[in-house]
Ligand code: SF4
Ligand code: SF4
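Residue numbers (this note's numbering): 42 to 218.
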């Protein structure tokens, strides 16, 4: 998982700017971004397909975990996440993801609670869906080889779709590039 401090759009001002830029491009190129919308919706469908098997795996692994990745890792939304959430879910996260601070120490991701992640699976950064820890990988190989194959396929599909969505967005919004 991501683990350094070079996080984009951390301040409220930067976050507002990125939202406004995407919205402005959406208005400006109305009708030309259909492929971006369609691709984002396909990504959402694949996220939804992944939800059930991931839930199953987590119910056998995360509930017993003593070194929770959401506490350890530093996670943030990247540009593809933002495009997907805007065009595929018709919304925008309130802000960039940051870590909770206790005293002067950084703790868990601020979406993490005692019950796990407070975001629905389809709203999480892709890295949170893509990441399987060694315990989960082992569990899948030992008990659910078929599920592992279908999850791997869905993740590759999502990765490809995310690239296509971003390329199409850039192609439309920066025609001279
Ligand atoms: S994904 Fe792995 S490291 Fe993260 S909470 Fe679940 S079992 Fe723990
Ligand atoms: S967004 Fe959710 S799944 Fe991702 S690190 Fe934060 S709490 Fe964990």
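Quick reminder that beta carbons are idealized off the backbone N, C-alpha and C, glycines included.
Exposed or buried, residue i, counting other C-beta atoms within 10 Å across all chains shown (16 or more means buried)?
i           : result
residue 74  : buried
residue 169 : buried
residue 142 : exposed
residue 177 : buried
residue 125 : buried
residue 189 : buried
residue 193 : exposed
residue 186 : exposed
residue 49  : exposed
residue 68  : exposed
residue 197 : exposed
residue 182 : exposed
residue 107 : exposed
residue 140 : buried
residue 62  : exposed
Which residue marks the beginning of the beta strand (DSSP E) containing residue i, and which one marks its end?
i           : result
residue 143 : 140–143
Pull up the distance between the alpha-carbon of residue i and that of residue j, whole angstroms please.
i           : j           : result
residue 162 : residue 215 : 31 Å
residue 202 : residue 157 : 27 Å
residue 55  : residue 122 : 16 Å
residue 184 : residue 101 : 11 Å
residue 145 : residue 151 : 15 Å
residue 165 : residue 138 : 10 Å
residue 174 : residue 199 : 19 Å
residue 206 : residue 93  : 25 Å
residue 218 : residue 105 : 50 Å
residue 128 : residue 76  : 10 Å
residue 109 : residue 167 : 18 Å
residue 43  : residue 58  : No answer about residue 43 holds up, because its pLDDT of 46 lies below 50 and its placement is not dependable.
residue 72  : residue 66  : 11 Å
Could you tell me the boundaries of the alpha helix (DSSP H) in which residue i lies?
i           : result
residue 209 : 186–214
residue 156 : Note, residue 156: premise wrong, no alpha helix (DSSP H); not H, not E.
residue 121 : 120–130
residue 86  : 75–101
residue 57  : 53–69
residue 104 : Note, residue 104: premise wrong, no alpha helix (DSSP H); not H, not E.
Using alpha carbons as the reference points, say which of the options lies closest to residue i.
i           : options              : result
residue 53  : 198, 92 and 135      : 135
residue 130 : 61, 84 and 105       : 84
residue 117 : 79, 149, 206 and 86  : 149
residue 120 : 89, 133, 91 and 92   : 133
residue 154 : 182, 112, 59 and 199 : 112
residue 81  : 59, 209 and 218      : 209
For residue i and residue j, which I take to be in contact (beta-carbon distance under 8 Å), what is that distance rounded to the nearest angstrom?
i           : j           : result
residue 172 : residue 98  : Going by Cβ atoms, the distance from residue 172 to residue 98 rounds to 12 Å, so no, they are not a contact pair.
residue 91  : residue 160 : So it is not a contact: roughly 14 Å between Cβ atoms.
residue 70  : residue 213 : 5 Å
* Check each residue's C-beta against every heavy atom of ligand 4 and list, in chain order, those closer than 5 Å. => Questions concerning ligand 4 fall outside what the structure shown contains, since the ligands it does hold are ligand 1 and ligand 2.
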